[in-house]
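Peer 1: Counting the sequence shown from 1 gives a position; this note's numbering is that position plus 286. Every residue gets a Cβ at the ideal spot worked out from N, C-alpha and C, and that includes glycine. Just dropping this structure here.
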Amino acid sequence: MLLIGAVALLAVGFEVVVWMNHGSRAAVEVVNDGDTTLENLVVGFGETKIALGDVGAGDSARVWLDGDRKGAVTLAFTQNRNPLTGFFLDDVDLRQLSEENLKLVIHVLPNQVMRNIEDGEAEPTPLARLWRRFVEIIKSELSYRR
287 MLLIGAVALL
297 AVGFEVVVWM
307 NHGSRAAVEV
317 VNDGDTTLEN
327 LVVGFGETKI
337 ALGDVGAGDS
347 ARVWLDGDRK
357 GAVTLAFTQN
367 RNPLTGFFLD
377 DVDLRQLSEE
387 NLKLVIHVLP
397 NQVMRNIEDG
407 EAEPTPLARL
417 WRRFVEIIKS
427 ELSYRR
């Protein structure tokens with residue numbers, strides 16, 4: 287019992303240290319304004335790629351990205367009646383978005399992409415982040431097995 291408590295305490299301590307030392311985190315929301323599903327959506331920034339799976343027509347998906355300098359946010363997907371299979375938005379400054387509590391919102395339409403900045407939300411706690419990452423992993427695994 288004592289061993290389990292010690293392991294749990296170490297895990298929580300490790301997560302807190304990682305959380306305190308991470309770079310800037312900002313939310314990116316992808317809104318499917320088309321009339322068909324965005325399939326196998328993958329959002330990337332730098333070396334990080336996060337599979338979000340399928341996003342239905344009219345739905346949206348949100349992901350938190352880490353970064354301390356400007357870079358390109360990339361999206362890869364397939365969608366019926368949309369010749370676009372992906373794109374990138376250059377010069378996205380996650381640090382500025384984080385400092386000003388803003389989020390990047392990307393609207394995907396057939397043959398068109400629009401981006402805007404909206405009020406963000408507070409960064410999640412370490413435990414909530416860990417839970418959300420777990421759910422993202424499970425979702426992406428399930429979407430690739432279809």
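In the DSSP assignment, the beta strand (DSSP E) including Ser-346 goes from what residue to what residue?
Peer 2: Position 60 of the sequence shown, counted from the first residue, corresponds to residue 346. Residues 346 to 352.
Peer 1: Give me the DSSP bridge partner(s) of Lys-335.
Peer 2: Stepping through the sequence shown from its first residue, residue 335 is reached at position 49. Gly-330, per the DSSP bridge assignment.
Peer 1: Could you check the C-alpha separation between Asp-405 and Thr-360 for me, to the nearest Å?
Peer 2: Start at 1 with the first residue of the sequence shown, and residue 405 comes out as number 119. Start at 1 with the first residue of the sequence shown, and residue 360 comes out as number 74. Between Asp-405 and Thr-360, the C-alpha separation is close to 21 Å.
Peer 1: Just mark Ile-423 as buried or exposed, buried being the case when its beta carbon has 16 or more other beta carbons within 10 Å.
Peer 2: Within the sequence shown, residue 423 is the residue found at index 137, counting from 1. Ile-423 is exposed by the Cβ-count criterion.
Peer 1: Could you pull the DSSP bridge partners for Ile-392 from this structure?
Peer 2: Indexing the sequence shown from 1 puts residue 392 at position 106. In DSSP, Ile-392 forms a bridge with Val-316, Arg-401.
Peer 1: CA-CA distance, Leu-370 and Val-394?
Peer 2: Walking along the sequence shown from the start, residue 370 turns up at place 84. Walking along the sequence shown from the start, residue 394 turns up at place 108. Computed Cα separation, rounded: 10 Å.
Peer 1: Looking at Asn-366 and Asn-397, is the spacing between their C-beta atoms short of 8 Å?
Peer 2: Stepping through the sequence shown from its first residue, residue 397 is reached at position 111. Stepping through the sequence shown from its first residue, residue 366 is reached at position 80. In this structure, Asn-366 does not lie closer than 8 Å to Asn-397 by Cβ.
Peer 1: Distance check for Gly-372 and Gly-339, CA to CA, integer angstroms please.
Peer 2: Counting from one through the sequence shown, the residue named residue 339 turns up at place 53. Counting from one through the sequence shown, the residue named residue 372 turns up at place 86. Gly-339 and Gly-372: Cα-Cα distance of roughly 14 Å.
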